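**Q** Once you've had a glance at the structure underneath, I'll fire off some questions.
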Amino acid sequence: MAKNLLVTIDTPKKPCGDARKKFEQYYQKNTPKLVNANGEEIPISDNVFKVLQEILPALEQGRTIVTISPANSELTTQEAADILNVSRPYLIKLLNNNEIPHVKTGSHRRIKLKDVMDYKEKREAQTAQSFNKLTEIMQDNGLFD
7 MAKNLLVTID
17 TPKKPCGDAR
27 KKFEQYYQKN
37 TPKLVNANGE
47 EIPISDNVFK
57 VLQEILPALE
67 QGRTIVTISP
77 ANSELTTQEA
87 ADILNVSRPY
97 LIKLLNNNEI
107 PHVKTGSHRR
117 IKLKDVMDYK
127 EKREAQTAQS
137 FNKLTEIMQD
147 NGLFD
């Protein structure tokens, strides 16, 4: 199984502004490249550019750890539980109820990262929908303005 690449970066105390927007504007006019403090330029591929484009907002928000994994990588049950912010026993229940696809290798279960992220997005959408419905009910009953 491929190991995740973990990048830790200390962010400045003040946000840099809308770096992603500046990044996109620059990209439209130029070939993507990295420039180090000495002014040396290193050309980068479109795929690397897109990854940097996605992590910039996270860094600006003060999230200092970014994990990059191949979409087809397989996770252990503990890794999947950590991503979903649930206990490992709860994740096992989800797997046993076929709510998240998985494969069993011997006595070990493996879950594709894509399936974990799909489940997470689905769960977040359901939570938002429930919250909106609850807000609507509260507004209808004059409990929330």
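Each residue of the sequence shown is one higher than the one before, counting from 7 in this note's numbering.
Backbone N, C-alpha and C define an ideal beta-carbon position, used for all residues, glycine too.
All figures in this text were calculated on a predicted structure; none of them were measured in a lab.
Considering Cα atoms alone, identify which of 135, 130, 83 is closest to residue 113.
**A** The shortest C-alpha separation from residue 113 is found at 83.
**Q** By Cβ distance, which residues of its chain are closer than 8 Å to residue 4, with the 5 residues on each side in sequence left out?
**A** Residue 4 is absent from the model: the chain starts at 7 and stops at 151.
**Q** Quick one: grab the DSSP three-state call for residue 40.
**A** Of the three classes helix, strand and coil, the one that applies to residue 40 here is strand, per DSSP.
**Q** Considering only residues of the segment 48–92, which uninterrupted alpha helix (DSSP H) runs meet the minimum length of 4 residues and lie entirely inside it, listed in chain order?
**A** If we require 4 residues or more, the alpha helix (DSSP H) runs fully inside the segment 48–92 come out as 52–66, 83–90.
**Q** Taking the beta strand (DSSP E) that residue 117 falls in, what are its first and last residues?
**A** Counting along the chain, the beta strand (DSSP E) containing residue 117 begins and ends at 114–118.
**Q** When the Cα atoms are used, what is the spatial distance from residue 130 to residue 137?
**A** Approximately 10 Å, taken between the alpha carbons.
**Q** If you draw a straight line from the C-alpha of residue 86 to the C-alpha of residue 97, how long is it?
**A** Taking the straight line joining both Cα atoms gives about 8 Å.
**Q** Which partner residues of residue 111 appear in the DSSP bridge assignment?
**A** DSSP lists 114 as partners of residue 111.
**Q** Output the boundary residues of the alpha helix (DSSP H) element that contains residue 97.
**A** Counting along the chain, the alpha helix (DSSP H) containing residue 97 begins and ends at 94–102.
**Q** Please classify residue 13 as buried or exposed, where buried requires at least 16 other C-beta atoms within 10 Å of its C-beta.
**A** With a pLDDT of 40 at residue 13, under the threshold of 50, the modelled position of that residue is not reliable, and no figure is offered here.
**Q** Compute the minimum distance between the beta carbon of residue 130 and the heavy atoms of the ligand MN, and state whether it is under 8 Å.
**A** Judged by which ligands are present, the structure shown has none, so any question about the ligand MN falls away.
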